[in-house]
Amino acid sequence: MKFLFEFLPIALFVIVYKVYDDMFIATAVFMVVFAIQLGFYWLKHRRLEKMHIITLVLVTVLGGATLLFQNKDFFMWKPTAVNWAFGLAFLGSQFIGKKPLVERMMGHAIEAPAAIWRRLNISWIVFFFAMGFANLYVANFYFQAETRLNIAAGKTVELETCPETYQEPILDLCRQAKQYENTWVNFKFYGVIGLTILFVIGQAFYLARFMKEKDAQPAPTEPNNET
Numbered sequence: 002m003k004f005l006f007e008f009l010p011i012a013l014f015v016i017v018y019k020v021y022d023d024m025f026i027a028t029a030v031f032m033v034v035f036a037i038q039l040g041f042y043w044l045k046h047r048r049l050e051k052m053h054i055i056t057l058v059l060v061t062v063l064g065g066a067t068l069l070f071q072n073k074d075f076f077m078w079k080p081t082a083v084n085w086a087f088g089l090a091f092l093g094s095q096f097i098g099k100k101p102l103v104e105r106m107m108g109h110a111i112e113a114p115a116a117i118w119r120r121l122n123i124s125w126i127v128f129f130f131a132m133g134f135a136n137l138y139v140a141n142f143y144f145q146a147e148t149r150l151n152i153a154a155g156k157t158v159e160l161e162t163c164p165e166t167y168q169e170p171i172l173d174l175c176r177q178a179k180q181y182e183n184t185w186v187n188f189k190f191y192g193v194i195g196l197t198i199l200f201v202i203g204q205a206f207y208l209a210r211f212m213k214e215k216d217a218q219p220a221p222t223e224p225n226n227e228t
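In my numbering, the protein residues as written are 2 to 228.
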C-alpha cells in the first residue's frame, strides 16, 4: 500500500490530464496532491526524509515555473531532475560516510554484507540515471515537435487552443505535438511505474535471503521516487 501511495500524485496527474486534456491543470493538481501527501507524512512521523525534501524543492521550482511561464517543458524536465538528484545522492553516499544510502534506508530490516549493500546502492544509481535519460528521450520527441510548430507559426503556439486558431499545415503540426505530449504523459504513468515495479521486484528476490525473520513488517524496498 505504501508503494502505491507514493505514486498517487502521478496517477492523479494522468487522470486529470486525460479528463481535461490540459497539462497545466494536471500539473497544478500534482503539486497540490504531492504537498498534501507530504503533509500527511509529516503529521504521522513529525519529520520528512531527505528524498522528500529534494523532490519537494524540484516539484515546487519546476512545477511553479511551468504554471508561471505557461511552459510545459519545465514540468517535463522534472522526472529527469528528480531521478538525477536521487542518483547523485546515492552516488555520493557510495564514497561519503560509513554506509551507502540504501543501507541507511533498509538496514533496519535487512542484514547483509557490506559488499551487497554497495552493489545494491550502485544498482539504484544506475536505475535513477537510466530513468532520467529515458524521460528525456521520450520528452525530446515533444520538444522537437514543439519547436517545429513554433517555427512554422512564427510564435509560441498553445496546443489547447490550436484547433480553433490554426488551419493546415499548422494544425497538423499541432496534432503531432499533442500526440507526443500524450505519449510522454503515458510514459510518466505506465513507463515510470512499470519499470520501478519491475526493478523493485527484482531487488526483492535478490534480497529475500537477507530478510530478518523477526521482522513482522515487510521492509521498504524503494526510496520515494515522485517523478
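We put the CB at the ideal spot given by N, CA and C, even for glycine. All values reported here derive from a predicted model rather than from experimental measurement.
Under the 10 Å beta carbon count, I152 is surrounded by fewer than 16 other beta carbons and is classified as exposed.
Contact between the region 54-61 and the region 84-92 is present: 3 or more CB-CB pairs across the two stretches fall below 8 Å.
Going by C-alpha positions, M77 is about 9 Å away from N141. In this structure, DSSP gives I97 a state outside helix and strand, which the three-state scheme calls coil. By the beta-carbon neighbour count (other beta carbons within 10 angstroms, threshold 16), F91 is buried.
Within the same chain, Cβ atoms closer than 7 Å to the Cβ of T157 are found at N151, the five residues on either side in sequence being excluded.
Contact annotation: the region 61-81 touches the region 132-147, with at least three C-beta pairs closer than 8 Å. Rounded to the nearest whole angstrom, the CA to CA distance from I198 to Q177 is 30 Å. Cβ neighbours of L68 within its own chain (closer than 7 Å, five residues either side excluded): F25, T28 and A29.
The straight-line gap separating the alpha-carbon atoms of S94 and P101 is approximately 5 Å. Its Cα nearest to that of D23, the residue V186 stands out among V186, F206 and L196.
Burial check for L39: the Cβ neighbour count within 10 Å reaches 16 or more, so the residue is buried. Burial is judged here by how many other beta carbons sit within 10 angstroms of a residue's own beta carbon; L121 has at least 16 and is buried. Of the candidates L160, E165 and I37, L160 places its Cα closest to the Cα of K179.
A209: not part of any alpha helix (DSSP H); DSSP gives it neither H nor E. Taken atom to atom, the span from the alpha-carbon of V15 to that of K45 is near 27 Å. Excluding the 5 residues flanking it on each side, C163 has same chain C-beta neighbours closer than 6 Å at C175, in chain order. Contact between F211 and I123 is absent: CB atoms are separated by about 17 Å, not below the 8 Å threshold. In this structure, the beta-carbon distance from F8 to I194 falls below 8 Å. Shown here for N136: same chain residues with a beta carbon closer than 6 Å to its own, the five before and five after excluded, namely P80 and T81 in chain order. Annotation for F128: F200 place their beta carbon closer than 6 Å to its own, counting only its chain and skipping 5 residues before and after. Separation of the CB atoms of A154 and Y167 is rounded to 7 Å, and the pair is thereby assigned contact status at 8 Å.
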